[in-house]
Structure formats: C-alpha cells, structure tokens
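Chemist: Quick one: the structure is below, and I'll ask about it shortly.
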Amino acid sequence: MELFSDLKLNPKILKAVKDAGYDKPTPIQEKAIPAALAGKDVLGIAQTGTGKTASFTLPMINLLSRGRARARMPRSLVLCPTRELAAQVAENFDIYAKNLKLSKALLIGGVSFKEQDVLIDKGVDVLIATPGRLIDHFERGKLLLTGVQVMVVDEADRMLDMGFIPDIERIFKLTPFTRQTLFFSATMAPEIERITNTFLSAPVRVEIARQATASENIKQSVVMFAPKQKDREPSEKRQLLRYLIDLEGKNCTNAIVFCNRKTDVDICSKSLNKYGYQAAPIHGDLDQAKRTETLESFRDGDLRILVASDVAARGLDIPSVSHVFNFDVPIQAEDYVHRIGRTGRAGRDGTAIMICSKKDRKNFSNVEELLQKEIPRTNFADGTSRCDEVENENLKRKSDIGCTEESTTENKKNKPKSIKNNKKYEKSNKIVGLGEHTPSFLSQSFSDRLVS
Ligand code: AMP
C-alpha cells in the first residue's frame with residue numbers, strides 16, 4: 007500500500023495529515039485522491055468509516071492552496087445532507103488546511119444568516135452547506151455560484167432519502183459547467199445514477215465494497231417482541247428496552263438507541279429519563295445548538311445514552327460505544343450494519359441488541375439476508391423457547407413484557423432464503439441467549455419496574 011507521501015499533495019497538507027496521525031491512505035483515498043488531483047470527476051461509492059471525507063477534502067485543499075477567494079463567489083462547494091455532517095466536513099478542513107490560509111463558511115440551518123453573510127461577503131475558499139440553506143442564501147441574492155471550481159456532493163443516497171435531489175439538481179445548474187465534481191454515495195439508486203450521468207463528466211469510479219459484514223467483536227442478538235396487551239404495545243416495548251439495558255448492567259457504559267421515527271426518538275428519550283436513565287435525543291428536527299450540545303456531552307462521557315434517528319447519526323464520528331440498541335429493526339438493511347458499527351470499534355468488544363416487533367419481521371429477514379447470517383435470538387429462560395408457555399410463577403413475568411421467542415418452525419420459516427440450506431451456517435448458528443443473566447431478570451427491582 008502507498009503512503010500519503012507518495013500522493014502528490016502539497017507538503018503543508020502532508021504535514022497536517024501526518025500531525026493527524028495518518029501515514030497510509032485508506033483504499034478510497036488511495037484511488038480518489040490521485041484522480042481528483044488530476045482534475046478528473048470522481049464517483050465514489052463508499053460509506054462512512056472508509057475515510058471518504060479526507061478523500062475529497064485533501065485534493066480540494068490542494069487545489070485551493072493556489073489562488074484567492076473573491077467576494078460572494080466561493081471557489082468550492084461541499085453539499086452535505088445534515089448539519090452534523092456539514093460540521094464534520096468543516097472540522098476536517100480545519101485539520102488538514104491548518105498550515106494554509108484558507109477561509110471557509112458553514113451554511114447550515116440554525117446558525118444566523120447575518121454571521122454567514124459577513125463571511126460570504128468577504129469571500130470564502132470553501133463553502134460547506136446543506137442544500138436548503140444554500141438555496142435560501144442564493145435566493146436572498148447574497149451568493150454567486152459561478153466561481154465554483156470544485157463541487158462535492160457527500161452522502162447522495164441520504165440526500166435522496168431526504169428529498170433533496172431537486173435542490174441538488176438546481177445547485178448543479180447554478181455552478182459552471184467546467185467545474186470539477188466529486189460525488190459520493192453509499193448506494194447507486196436509479197435516481198442517483200441519473201444525476202451522475204447528467205452532471206458528472208467521464209468520472210473515475212471508485213467503489214469500496216459494501217460493508218455487509220459486521221465486526222467480529224460485536225455480540226449481536228435480537229429479541230422477538232409481541233406485546234401482552236396490543237393497546238399497550240409502545241409502552242411495553244419501552245419497558246423491554248429498559249429491561250434490556252438493565253440486563254447489561256455495568257457493562258453498558260454508554261449506548262446509542264436507534265429508532266426509525268423521530269417521534270419515537272423523542273418519546274424513548276423522555277421515557278428513559280423518566281425512569282432515571284440518563285438519555286438525550288438527536289434527530290433532524292431539533293435545534294442545532296441543542297444537537298451540538300448533546301453530541302458533545304455524549305462524546306465527553308457526560309451523557310450515557312444517545313437516542314438517535316439514522317439520518318442524524320449517519321456519518322457522525324462518535325467514539326466507540328459499548329452498546330447499540332435497535333429499538334426498531336431498520337427499514338433499510340444496510341442501516342443495521344451502520345448502526346451496530348458504532349460499537350466494537352478498534353478491536354474492542356461491543357454488544358448490539360435489537361427488538362423485533364411483528365411488523366418488523368420483513369425488515370428483519372432483509373437484515374439477515376444481507377448479513378448472510380442468522381442473528382442469535384435471545385433466549386430468556388433456560389431452554390424455554392416461548393415465554394408465555396412457562397409455568398413457573400416468577401418466569402411468567404417475562405411474558406408481561408411481551409418477549410416471545412419464535413418457535414422452532416417459525417424460526418426456520420423466517421430464515422433468509424439463501425441461507426436456508428447452508429449446512430455450515432446451520433452449524434455455526436448457536437443461539438446465545440441471556441441465560442447467564444436470568445437471576446437479574448427475576449430480581450425484585452425489575453418486577454417493581456414492571457408496574458409502571
Ligand atoms: P470518514 O469515512 O471520512 O467519516 O472517516 C472515518 C474515520 O477515519 C474518521 O475518524 C477519520 O478521521 C479516519 N481516517 C481518515 N483517513 C484515515 C487514514 N488514512 N487512516 C486512518 N484513519 C483515517
């Protein structure tokens with residue numbers, strides 16, 4: 007593998023990369039940087055965690071190190087789907103451009119227009135923006151995009167999910183035809199393919215294999231959940247979440263709880279706090295200052311549980327957490343790998359526990375299909391497969407929280423098609439339950455919690 011020093015980057019940039027502690031480029035950096043330095047368009051099919059941010063920031067800084075910014079006419083533009091991602095790209099610029107005098111502005115919602123206007127008026131080398139805010143500035147006549155030499159679209163697939171594609175098209179049309187484009191997406195949906203065919207010119211395609219395998223260090227499990235009382239499903243599900251957190255006890259030093267819906271992120275976080283678990287929500291509808299504050303306290307270890315939506319958490323560079331709880335099965339199977347990848351980083355052990363409701367079963371089999379592996383079902387009692395079949399008075403309590411283990415036949419039925427006849431897989435599919443935790447399950451403190 008090459009070293010950074012083999013890439014034809016400005017020595018001041020190489021020094022900053024070295025100071026950041028990196029010697030060797032990651033595969034996407036190795037391929038994308040030389041192409042971008044040669045002035046070519048790049049289509050990077052890669053996701054967060056591959057080092058893709060530096061794969062576009064480094065060549066951009068190299069290009070910008072020559073020349074000067076003009077008032078209201080940024081020389082380069084990076085579009086990101088969320089404010090946090092934009093802020094993260096801005097941090098990358100600060101790190102890698104620290105030995106050069108480059109100016110930047112961050113155009114994201116939640117920051118006053120006035121502050122941003124002052125910077126743009128002066129002239130900036132890099133403009134990092136979310137699409138909506140950029141268009142707002144443009145429509146107010148404060149900004150001209152005709153000086154953009156390089157444009158980056160980061161996490162295009164998320165832009166598509168968030169309905170930003172028409173904005174992206176509009177922004178492309180406002181920049182010069184001669185610009186260089188660096189375009190990144192984790193997947194190539196037909197709509198994204200169309201955009202790249204329209205706006206990229208003979209791009210160098212760099213594809214980093216989709217990460218369909220989770221780290222070996224992550225202990226995964228799933229709890230099949232069926233409420234005892236249908237009308238109390240949401241509260242029983244939250245109760246189950248608290249119970250699962252309790253089971254992990256001290257091992258759970260910090261955790262991210264993922265929910266599919268923003269409303270559930272709020273409700274879950276409030277409910278955890280109500281029961282004395284220290285939690286805070288993060289999702290796209292929350293005020294920027296609050297999101298930054300929450301993330302900081304989570305990073306600093308002051309906050310134990312972050313309750314998040316996928317969009318808000320995507321791409322965030324959060325240090326490793328001990329646990330990931332999937333309150334819902336993600337709608338897109340790839341998100342499962344992203345979510346649980348927050349734990350078990352850098353060779354450390356991690357635990358990923360998921361709750362699967364009846365309505366999640368289809369999504370769940372998509373996840374197993376993607377992983378080509380069955381996720382071990384949590385077995386709550388010693389050898390019992392269905393909670394509600396248990397006679398013992400104490401053990402009966404687990405049916406109160408609606409955890410059911412699928413029957414063996416049902417297990418077989420739900421197994422991903424492509425692994426149904428895989429002998430090797432059958433052998434390795436050991437059900438690792440929480441048997442060792444059974445005593446705490448029966449403890450008084452938990453039964454107290456049940457009456458809520
Ligand atoms: P990204 O995919 O851009 O979100 O980067 C994921 C993480 O990899 C970030 O924490 C980066 O600081 C880190 N990183 C970027 N480039 C390298 C590299 N060449 N070697 C090791 N880590 C890197």
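Under our numbering, the first residue of the sequence shown is numbered 7, with each subsequent residue one higher.
C-beta: ideal position from N, C-alpha, C; glycine also.
#1: Taking the continuous beta strand (DSSP E) assigned at residue 188, which residues delimit it?
#2: Please report the Cβ distance between residue 261 and residue 329, rounded to the nearest whole angstrom; I am assuming they are in contact, meaning their Cβ atoms lie under 8 Å.
#3: Is any non-hydrogen atom of the ligand AMP found closer than 7 Å to the C-beta of residue 31, if you look at the structure I gave you?
#4: Just checking, does the segment 98-107 make contact with the segment 15-26 on the three C-beta pairs under 8 Å criterion?
#5: Should residue 35 be counted as a contact of the ligand AMP given a C-beta to heavy atom distance under 7 Å?
#6: One question on the structure: do residue 47 and residue 206 come within less than 8 Å of each other, judged by their Cβ atoms?
#7: Kindly give me the distance between the Cβ atoms of residue 310 and residue 294, rounded to whole angstroms, as I take these residues to be in contact under 8 Å.
#8: Considering only residues of the segment 52-118, which uninterrupted alpha helix (DSSP H) runs meet the minimum length of 4 residues and lie entirely inside it, listed in chain order?
#9: Say whether the segment 137-147 touches the segment 168-181, bearing in mind that this needs 3 or more beta-carbon pairs closer than 8 Å, one atom from each stretch.
#10: Assign residue 341 to buried or exposed, taking buried as 16 or more other Cβ atoms, counted over all protein chains shown, within 10 Å of its Cβ.
#11: Counting pairs of Cβ atoms below 8 Å between the segment 39-54 and the segment 78-85, do you hit three or more?
#12: Thinking residue 188 and residue 156 are a contact (beta carbons under 8 Å), I'd like their distance in whole angstroms, please.
#13: Between the alpha carbons of residue 142 and residue 297, how many angstroms are there, rounded?
#14: For the beta strand (DSSP E) holding residue 245, just list the boundary residues, first then last.
#15: Put residue 258 into one of helix, strand or coil per three-state DSSP.
#16: Buried or exposed, going by whether 16 or more other CB atoms sit within 10 Å of the CB of residue 113?
#17: Rounded to whole angstroms, how far is the Cβ of residue 361 from the Cβ of residue 278, which I believe are closer than 8 Å?
#18: Rounded C-beta distance between residue 152 and residue 79? I'm assuming under 8 Å.
#19: If I measure Cβ to Cβ from residue 265 and keep anything under 7 Å in the same chain, skipping five residues before and after, which residues do I get?
#20: Suppose you measure from the CA of residue 336 to the CA of residue 241; what does that come to, to the nearest Å?
#21: Please specify which runs of the beta strand (DSSP E), each continuous and at least 3 residues long, are wholly inside the segment 11-43, giving them in chain order.
#22: In whole angstroms, give me the CA-to-CA distance for residue 11 and residue 382.
#23: If you measure between the beta carbons of residue 232 and residue 191, is that distance less than 8 Å?
#24: Taking buried to mean at least 16 other C-beta atoms within 10 Å of its own C-beta, is residue 348 buried or exposed?
#25: By alpha-carbon positions, which one of 74, 117, 108 ends up nearest to residue 93?
#26: Report the CB separation of residue 32 from residue 56 in whole angstroms; it is logged as a contact under 8 Å.
#27: By Cβ distance, which residues of its chain are closer than 6 Å to residue 350, with the 5 residues on each side in sequence left out?
#28: Kindly indicate the opening and closing residues of the alpha helix (DSSP H) around residue 375.
#29: Under 7 Å: does the beta carbon of residue 202 sit that close to some heavy atom of the ligand SAH?
#30: What alpha helix (DSSP H) runs, 4 residues minimum, are completely inside the segment 110-166?
#31: Mind checking who residue 287 pairs with in its DSSP beta bridge?
#32: Measure the alpha-carbon distance for residue 160 versus residue 109 and round it to whole angstroms.
#33: May I ask whether a heavy atom of the ligand AMP can be found less than 7 Å away from the beta carbon of residue 193?
#34: So residue 37 packs on residue 9, CB below 8 Å; how close in whole Å?
Modeler: Taking the coordinates as given:
#1: 186-191
#2: 4 Å
#3: Yes, the Cβ of residue 31 comes within 7 Å of a heavy atom of the ligand AMP.
#4: yes
#5: Indeed, a heavy atom of the ligand AMP lies less than 7 Å from the Cβ.
#6: Residue 47 is a Cβ neighbour of residue 206, given a cutoff of 8 Å.
#7: That belief does not hold up - the Cβ atoms of residue 310 and residue 294 are roughly 23 Å apart, past 8 Å.
#8: 58-70, 89-102
#9: Contact between the segment 137-147 and the segment 168-181 is present, because at least three Cβ pairs lie under 8 Å.
#10: Using a 10 angstroms sphere on the CB of residue 341, the tally of other CB atoms reaches 16 or more, which defines it as buried.
#11: Contact between the segment 39-54 and the segment 78-85 is absent: fewer than 3 CB-CB pairs across the two stretches fall below 8 Å.
#12: 7 Å
#13: 22 Å
#14: First-last for residue 245: 239-254, but that is the alpha helix (DSSP H), not the beta strand (DSSP E).
#15: coil
#16: buried
#17: Their Cβ separation, rounded to whole angstroms, is 14 Å, which puts residue 361 and residue 278 out of contact at 8 Å.
#18: 7 Å
#19: 271, 274, 313, 315, 333, 334
#20: Between the alpha carbons of residue 336 and residue 241 lies a distance of about 20 Å.
#21: none
#22: 45 Å
#23: no
#24: buried
#25: 117
#26: 6 Å
#27: Around residue 350: 221, 223, 224, 356.
#28: 367-377
#29: For the ligand SAH, the structure offers nothing, since it holds only the ligand AMP.
#30: 119-128, 137-145
#31: Residue pairing of residue 287 in beta bridges, as defined by DSSP: 313.
#32: C-alpha separation (whole angstroms): 20 Å.
#33: no
#34: Contact flag wrong, Cβ pair sits at about 15 Å.
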